[in-house]
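Chemist:
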Amino acid sequence: MNEAFRKKIINKIISEIPLHIKPVDFLSATLDIAKESAYRRLRGEMAFTFEEIVKLSQKLEFSIDELAGNKSFNMIGLNLQINKDPQHAFLLKIQKLTKYVDNQMNSRGSTITMALNYLPVIFCLHFEELFRFYYYTWMHRKYKELPKLYYSDIIISDELQRLCAELDMKVRSQKKITFILDMNVFKSPLREVYYFYKLGLISDSELEGIRKSFHDLIDDIEIIVRTGEANPGTEHYYYLSEFNLDGNSTYLKWDDNIISSFNFHQFNTIIISNPEICDAHHEWLESLKRYSVLITQSNEIVQEEYFDRQRECIENIKFGNF
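Take any residue in the sequence shown, note its place counting from 1, add 576, and you have its number in the working numbering.
As structure tokens, this is what we get:
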């Protein structure tokens with residue numbers, strides 16, 4: 577293995593390891609090697625074996641083909657979490673998302689555009705009961721061996737709380753983000769809340785806490801829409817699409833990197849880094865704006881009507897009248 581390629585592998589691995597984890601500790605635990613052996617690999621004194629690179633690519637979710645510089649390969653990755661421990665799997669997803677956000681913050685300039693027909697996790701981070709419900713739906717789908725999983729069974733670990741607070745702060749500090757919202761983006765999670773409430777898995781008092789968190793979210797977005805800022809110095813633009821959106825998708829561009837992601841089943845995503853496909857996706861997102869209404873610092877009547885409708889739906893959460 578030549579020195580340049582060895583450095584490329586080392587840099588890629590280090591760049592993908594979550595920031596709060598020391599690379600030597602990660603390699604030692606993942607590859608089941610001594611710390612001294614891990615240090616030697618990081619210093620380039622010992623090459624990674626092919627089996628080790630495969631194992632790390634699976635753990636850190638990067639493409640070996642991309643690493644090898646195969647430009648003819650249309651890089652498409654399925655980010656489908658198959659970890660048998662759903663709690664750990666969720667934690668890994670938050671860590672991965674945080675890393676993408678860090679890339680944007682540390683870049684010379686970035687573009688983030690999101691088209692949403694379902695409430696994404698980044699909207700829930702600031703609101704305890706909304707995030708808890710998001711986590712609950714994940715656990716409910718993953719813990720198949722449990723006959724019933726009650727909302728009261730869900731406990732957010734200290735580590736997950738810390739990561740969420742950190743991620744929320746970073747998302748709110750992003751210089752520029754564009755959100756294109758389906759008119760019904762808030763209705764799907766409201767229907768899910770009603771479904772679990774109707775099954776008796778969410779109590780009346782818990783439902784009230786979720787209802788209040790939804791109102792807090794709407795109030796928060798309304799403030800951002802009116803001011804144009806999530807934090808001072810940021811620019812967060814909100815559009816309301818006149819068309820129904822098929823799913824959540826995100827276009828990311830920073831420095832010399834470009835990624836399009838398409839979400840299904842919450843965190844599970846198809847990630848594409850082929851420039852031609854990403855450019856086509858970006859062009860589609862830009863075209864959506866022509867069929868959408870910009871409500872950030874404009875169209876006050878549309879703003880008021882939209883937020884009033886959302887609050888009306890939230891108030892009907894107990895009866896499923898959306």
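Backbone N, C-alpha and C fix where the C-beta goes; we use that ideal spot for every residue, glycine too. Because the structure is a prediction, the values reported are computed rather than measured.
1) Classify residue 681 as buried or exposed, calling it buried when 16 or more other Cβ atoms lie within 10 Å of its own Cβ.
2) Between which two residues does the alpha helix (DSSP H) harbouring residue 666 extend?
3) Can you list, in chain order, the residues of its chain with a C-beta nearer than 7 Å to that of residue 607? Leave out the 5 residues immediately preceding and following it.
4) With the cut-off set at 8 Å, would you say residue 624 and residue 597 are in Cβ contact?
5) Ignore the nearest five residues each way along the sequence and tell me which others in residue 785's own chain have a CB closer than 6 Å to its CB.
6) If you measure between the beta carbons of residue 614 and residue 600, is that distance less than 8 Å?
7) Can you find the residues in the same chain that come closer than 6 Å, C-beta to C-beta, to residue 826, ignoring five residues on each side of it along the sequence?
8) Exposed or buried, what is residue 755 when buried is set at 16 or more other beta-carbons lying within 10 Å of its beta-carbon?
9) Pull the bridge partners of residue 837 from the DSSP assignment, please.
10) Please specify which runs of the beta strand (DSSP E), each continuous and at least 3 residues long, are wholly inside the segment 757-785, giving them in chain order.
11) Can you give the Cα-Cα distance for residue 603 and residue 668, rounded to whole angstroms?
12) Skipping 5 residues on each side, what residues in its chain have a beta carbon closer than 8 Å to that of residue 634?
13) Alpha carbon to alpha carbon, what distance is there between residue 775 and residue 648?
Modeler: If we stick to the structure as given:
1) exposed
2) 662-681
3) Here residue 607 has 628 and 631 as same chain residues with Cβ atoms under 7 Å from its own Cβ, once five neighbours each way along the sequence are excluded.
4) no
5) 705
6) yes
7) 690 and 837
8) Here residue 755 is buried: its Cβ has 16 or more other Cβ atoms, across all protein chains shown, within 10 Å.
9) 826 and 847
10) none
11) 16 Å
12) none
13) Low local confidence applies: a pLDDT of 45 at residue 648 is under 50, so the model's placement there is unreliable, with the coordinate-based value given in what follows. Computed Cα separation, rounded: 51 Å.
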